[in-house]
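Scroll down for the structure; my scribbles are underneath it.
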Amino acid sequence: MSSSTSGSSEPEPSDGLKAFGAVLKSFRKRAGRTQEELAPEIGYSVHFLASVEQGRRYPPPRFVDQCEAALDAFGTLRMTANQLTRQPGIASWFRLWAKLEQEATCLHTYESRLMPGLLQTEAYARTLFDARVPLLSDEALENQVAARMQRQVLLRDRPNTAYSFIIDEHIFLRRTGGAEVTRELIDHVLEATAPRNIDLQIMPLTQSVHAGMNGPIRLLETLENRWFGYCEGQENGQFVTDPKVISTLQTRYAKLLSQALRPAESVGLLERLRGAL
Numbered sequence: 387m388s389s390s391t392s393g394s395s396e397p398e399p400s401d402g403l404k405a406f407g408a409v410l411k412s413f414r415k416r417a418g419r420t421q422e423e424l425a426p427e428i429g430y431s432v433h434f435l436a437s438v439e440q441g442r443r444y445p446p447p448r449f450v451d452q453c454e455a456a457l458d459a460f461g462t463l464r465m466t467a468n469q470l471t472r473q474p475g476i477a478s479w480f481r482l483w484a485k486l487e488q489e490a491t492c493l494h495t496y497e498s499r500l501m502p503g504l505l506q507t508e509a510y511a512r513t514l515f516d517a518r519v520p521l522l523s524d525e526a527l528e529n530q531v532a533a534r535m536q537r538q539v540l541l542r543d544r545p546n547t548a549y550s551f552i553i554d555e556h557i558f559l560r561r562t563g564g565a566e567v568t569r570e571l572i573d574h575v576l577e578a579t580a581p582r583n584i585d586l587q588i589m590p591l592t593q594s595v596h597a598g599m600n601g602p603i604r605l606l607e608t609l610e611n612r613w614f615g616y617c618e619g620q621e622n623g624q625f626v627t628d629p630k631v632i633s634t635l636q637t638r639y640a641k642l643l644s645q646a647l648r649p650a651e652s653v654g655l656l657e658r659l660r661g662a663l
């Protein structure tokens with residue numbers, strides 16, 4: 387059976403967030419500062435600061451650094467923030483998939499709309515979130531960017547996981563964020579997919595019809611050799627467990643692998659695209 391759960395993109399409260407909020411409040415009071423005094427100094431609203439102290443908002447890295455400096459917290463705030471287990475800016479309906487990503491033995495991703503989150507640069511991600519409709523608040527935007535960047539440690543921290551990415555060529559040709567952002571993106575993608583456990587294949591525009599015409603595909607295998615899929619829509623996501631659906635997605639992905647450019651050819655294409663910028 388497959389399941390689909392909709393929810394807000396606002397992270398849920400956790401004991402870790404409450405603990406960080408309590409530590410922050412303690413250092414603020416120790417410094418003799420009110421929320422109204424501290425907020426403008428660190429560049430955040432009083433409402434955002436209050437929400438963090440109450441454990442309702444995730445503290446982005448810049449927020450932690452600013453508070454650490456303003457309150458002379460001896461590194462305690464950074465240390466406490468590093469212990470947070472909650473993932474900032476990750477929608478509740480994506481959280482189960484994100485957890486499985488951290489334990490997967492292999493991860494397959496076909497994307498036809500935008501660069502997969504695991505391969506985005508900060509500038510590219512910021513461009514996407516800055517253009518979100520309806521507009522995000524400054525704090526929400528920072529949360530989303532921080533979440534996107536945090537997930538990318540998977541590529542560095544799991545060298546025994548087999549990653550496969552198939553990306554449509556037109557994603558690079560769109561030049562999201564402009565030529566400079568696209569140039570940086572191509573460099574980053576080439577560097578991030580260089581390790582031998584990560585395969586990158588480009589679906590060229592010359593492939594007029596392929597097995598991914600129905601949309602993006604995400605598949606992963608767990609340590610217990612169980613397969614799961616994930617499909618993302620406009621405002622919700624579908625976590626797929628039905629073996630028949632998984633089998634269909636696997637068949638389509640296998641076909642995509644044969645239709646896309648081989649890894650070496652894909653690198654050559656990206657280098658040519660970069661040279662044309």
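Each residue of the sequence shown is one higher than the one before, starting from 387 at the first, in the numbering used here. All C-beta atoms, glycine included, are put in the ideal place defined by N, C-alpha and C.
Exercise. Given that a residue counts as buried once 16 or more other Cβ atoms are within 10 Å of its Cβ, and exposed if not, what is residue 575?
Worked result: Position 189 of the sequence shown holds residue 575. Buried, because 16 or more other Cβ atoms sit within 10 Å of the Cβ of residue 575.
Problem set entry | Cβ shell of residue 540 (< 7 Å), same chain only, five flanking positions each side left out | Taking the first residue of the sequence shown as position 1, residue 540 is located at position 154. Excluding positions up to five away in sequence, the list reads 487, 488, 504.
Problem set entry | Residues near residue 649 in its chain [Cβ-Cβ closer than 7 Å; skip 5 each side] | Position 263 of the sequence shown, counted from the start, is the residue given in the question as residue 649. Correct list, in chain order: 585, 586, 587.
Exercise. Could you give the residue range of the beta strand (DSSP E) that holds residue 507?
Worked result: What you label residue 507 is simply residue 121 of the sequence shown in a count that begins at 1. No beta strand (DSSP E) contains residue 507, which DSSP labels as neither H nor E.
Exercise. To the nearest whole angstrom, what separates the beta carbons of residue 500 and residue 515, a pair I think is in contact under 8 Å?
Worked result: The count along the sequence shown starts at 1 and reaches residue 500 at position 114. The count along the sequence shown starts at 1 and reaches residue 515 at position 129. Incorrect: roughly 11 Å between the Cβ atoms, too far for contact.
Problem set entry | Backbone secondary structure at residue 399 - three-state DSSP | As a first step, residue 399 is located in the sequence shown; it is residue number 13 there, counting from the start. Bear in mind that a pLDDT of 48 at residue 399, under 50, signals an unreliable position, so the number given afterwards is only what the model happens to contain. Residue 399 falls in the coil class under three-state DSSP.
Problem set entry | Cβ pair residue 413, residue 430 closer than 8 Å | Stepping through the sequence shown from its first residue, residue 413 is reached at position 27. Stepping through the sequence shown from its first residue, residue 430 is reached at position 44. Cβ distance not < 8 Å, so residue 413 and residue 430 don't count as in contact.
For this session: Would you mind working out which of 625, 647, 442, 544 sits nearest residue 551, comparing C-alpha positions?
Result: By 1-based counting over the sequence shown, the position of residue 551 is 165. Nearest of 625, 647, 442, 544 to residue 551, Cα basis: 647.
Exercise. Helix, strand or coil: how does DSSP classify residue 595 here?
Worked result: For the purposes of this step, residue 595 is taken as the residue at position 209 of the sequence shown. Note: residue 595 maps to coil in three-state DSSP.
Problem set entry | Chain-order list of residues whose beta-carbon lies under 6 Å from that of residue 404 (same chain, five-residue window excluded) | Here the question's residue 404 lines up with position 18 in the sequence shown. Correct list, in chain order: 441.
Problem set entry | DSSP beta-bridge partners of residue 604 | In the sequence shown, residue 604 corresponds to position 218, counting from 1. Its beta-bridge partners are 495, 616.
Exercise. Taking the beta strand (DSSP E) that residue 558 falls in, what are its first and last residues?
Worked result: As a position in the sequence shown, residue 558 is number 172, starting the count at 1. Run containing residue 558: none in the beta strand (DSSP E); it sits in the alpha helix (DSSP H), 556 to 559.
Exercise. Quick one: what does DSSP say residue 625 is sitting in, helix, strand or coil?
Worked result: To locate residue 625, count along the sequence shown from 1; it is residue 239. Here residue 625 sits in strand by DSSP.
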